[in-house]
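Asker: Mind the numbering: the sequence shown is residues 1224 to 1325 in the working numbering, read in order.
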Amino acid sequence: MYAVIATGGKQYKVEPGQVLRLEKLAGQIGEQVELKPVLMVGGEGEPKVGRPFLEGSVAATILEQGKARKVLIFKKKRRKGYRVKRGHRQQFTAVRIEAIQA
């Protein structure tokens, strides 16, 4: 069984037992979180598609809170002496999908 969820402005196809990194979620390591909205559920028989969402949620456990690798942003205009170097580290939450309730 799988589900398609929306979180952090992105959509993810998830299955029970899967570990994935999402945009930062509030919560401590080991805490249970519910991921909503559920857009689609499939796997056994006919898939169910929400218009736009389905009732239910996806249960997950927080494994890690952290920051991703640094991304460097370098801007330059030739012959003008303009150089800007910036970095960014995106925060993430690693979760394990426990169950799909739909």
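Glycine included, each C-beta is placed from N, C-alpha and C at the ideal position.
All values derive from a computational prediction rather than experimental measurement.
(1) Between K1308 and K1300, what straight-line distance do the alpha-carbon atoms span, to the nearest angstrom?
(2) Measuring only the C-alpha atoms, how far is E1278 from V1227?
(3) In the DSSP assignment, the beta strand (DSSP E) including I1228 goes from what residue to what residue?
(4) For the 8 angstroms Cβ check, are there 3 or more pairs between the stretch 1265 to 1277 and the stretch 1241 to 1248?
(5) Do A1325 and A1282 come within 8 angstroms of each other at the CB atom, strictly closer than that value?
(6) Please state whether the Cβ-Cβ distance between Y1235 and G1266 is less than 8 angstroms.
(7) Could you work out which residue in A1317, K1298, K1303, G1253 is closest to G1310 when comparing CA atoms only?
(8) L1295: buried (16+ other C-beta within 10 angstroms of its C-beta) or exposed?
(9) As a quick exercise: from Q1288, R1292, K1233, pick the residue whose alpha carbon is nearest that of I1252.
Answerer: Inspection of the coordinates gives the following:
(1) Distance between the alpha carbons of K1308 and K1300: 12 angstroms.
(2) In this model, E1278 and V1227 are separated by some 13 angstroms (Cα to Cα).
(3) Looking at the DSSP string, the run of the beta strand (DSSP E) that includes I1228 is 1225 to 1230.
(4) Verdict: no, contact absent.
(5) No, these two residues do not count as a Cβ contact at 8 angstroms.
(6) No.
(7) The residue with the shortest Cα to Cα distance from G1310 is K1298.
(8) When all chains shown are included, L1295 counts as exposed.
(9) The option with the nearest alpha carbon to I1252 is Q1288.
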